[in-house]
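Residue numbers (the UniProt record's numbering): 1 to 146.
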């Protein structure tokens, strides 16, 4: 994997272990609730297990915004797309731009569709994925045909 430039502000950096940057994102209970529907934060072992899984079952990137790592995005071999942006950088359309870039990657890989699991209470993510053309195909599943 190589660095993917999304625009002048955003680059996707191939995953490498970087607890200093990523661990704080998963110390936010609201972020953990949105991502995994859990009521507790990650410990380092859980963080490592998650990233080991994502990076071995697809493409996993850190999101760099104006030189700062602010989240992660992954496209799994199962065609599932997932994104996390730390709270202080949400609502800047970073996620929308990253997902658009990951859709390009999915097309490059020959995928015919991508999907995302979004919990019913996560209105912010639902709005973003719907605005990008995804349709709701299940209670918490959204899909985009490519």
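Where a beta carbon is used, it is the ideal one built from N, C-alpha and C, also for glycine.
Contact set for residue i: own chain, Cβ-Cβ below 6 Å, skip 5 residues either direction
| i | result |
| --- | --- |
| residue 69 | 21, 62 |
| residue 137 | 143 |
| residue 57 | 76, 77 |
| residue 116 | 81, 129, 142 |
| residue 54 | 60, 74 |
| residue 37 | 119 |
Nearest-angstrom Cβ-Cβ length linking residue i and residue j, presumed shorter than 8 Å
| i | j | result |
| --- | --- | --- |
| residue 35 | residue 99 | Rounded, the Cβ-Cβ distance is 15 Å, inconsistent with contact. |
| residue 10 | residue 94 | 6 Å |
Contacts around residue i, its chain only, beta-carbon distance under 8 Å, and the 5 residues preceding and following it disregarded
| i | result |
| --- | --- |
| residue 135 | 142, 143, 144 |
| residue 29 | 39, 40, 41 |
| residue 133 | 144 |
| residue 47 | 19, 22, 23, 26 |
| residue 92 | 65 |
| residue 131 | 96 |
| residue 86 | 24, 25, 28, 31, 70, 71 |
Pick from the options that is closest to residue i, judged by C-alpha positions
| i | options | result |
| --- | --- | --- |
| residue 125 | 19, 25, 33 | 33 |
| residue 82 | 108, 114, 28 | 114 |
| residue 107 | 94, 28, 146, 3 | 146 |
| residue 89 | 97, 79, 71 | 71 |
| residue 4 | 28, 29, 64, 49 | 64 |
| residue 8 | 55, 97, 79 | 97 |
Neighbourhood of residue i by C-beta distance below 7 Å, restricted to the same chain and skipping five residues each side
| i | result |
| --- | --- |
| residue 59 | 1, 74, 75, 105 |
| residue 102 | 73, 75, 81 |
| residue 111 | 79, 146 |
| residue 140 | 117, 118, 119, 120 |
| residue 6 | 12, 97, 98, 101 |
Ordered list of beta strand (DSSP E) runs contained in the region 34 to 69, each at least 3 residues:
58 to 65
Does the region 7 to 18 come close enough to the region 75 to 84 that 3 or more CB-CB pairs lie under 8 Å?
Output reads no: the region 7 to 18 does not touch the region 75 to 84.
Length-filtered (4 minimum) alpha helix (DSSP H) runs lying within the region 3 to 30
Taking only runs of at least 4 residues, the alpha helix (DSSP H) segments lying wholly in the region 3 to 30 are 19 to 22.
Alpha helix (DSSP H) runs wholly inside the region 68 to 145, at least 4 long, in chain order
94 to 108, 123 to 131
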